[in-house]
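FYI, in the numbering used here the residues of the sequence shown are 966 to 1088. Note that CB positions come from ideal geometry on N, CA and C, so glycine has one too.
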Amino acid sequence: MSTAEMREPTLLVLTSLAGGRKHGYGLIGDAADLSDGRVRLKVGTLYAVLDRLLDQGLVAAAGEEIVDGRLRRYFELTDAGADALDAEVRRIEANAAAARARLTAWRPAPATRSIHIRLGGVS
């Protein structure tokens, strides 16, 4: 895997598989859940991602079964896939920390106000 940033569908597929083996529609649903509905993978996109990840050795086929007359292909994360996901998480975290530090310096937290109350009357 290169050191280039990972595309979001790839990140979501690897993240989903870090939770255990899944079939295609399970991956599509999990990607939507992981992204709070922001990312909705289409079947063609998912299988293009999976084919590439299989070729790169980041995921592996993990069996098939027929359910309601339809074939379900299962996939699982490999050790190389876990390493690639870990590297991407570290890259994202480092970038987020740098952005947070710069943003905080640019827009510091508002100063706290101190309120003084005099007892025994209004001043």
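Asp-998 and Met-971 have their C-alpha atoms spaced approximately 19 angstroms apart.
In the three-state reduction of the DSSP assignment, Leu-992 falls in the helix class. Three or more Cβ pairs closer than 8 angstroms define a contact, and the region 991–1010 falls short of that threshold against the region 1059–1072.
For Arg-972, there is no enclosing alpha helix (DSSP H), as DSSP marks it with neither H nor E.
Under DSSP, Glu-1053 forms no beta bridge with any residue. Sixteen is the threshold: when 16 or more other Cβ atoms of the shown chains lie within 10 Å of the Cβ of Glu-1053, as they do, the residue is buried. Cα atoms of Ala-1025 and Gly-1034: separation of roughly 24 angstroms, rounded to the nearest angstrom. The continuous beta strand (DSSP E) containing Arg-1037 extends over residues 1035–1042. Going by C-alpha positions, Leu-1050 is about 7 angstroms away from Leu-979. According to the DSSP assignment, Ala-1013 belongs to the alpha helix (DSSP H) that extends over 1008–1021. In terms of Cα proximity to Gly-991, the closest of Phe-1040, Leu-1019, Leu-1023 is Phe-1040. Spatial neighbours of Leu-1036 in its own chain (CB-CB distance under 8 angstroms, excluding positions within 5 residues in sequence) are listed in chain order as Glu-1029, Glu-1030. Taking C-alpha positions only, Trp-1071 is separated from Glu-973 by approximately 28 angstroms.
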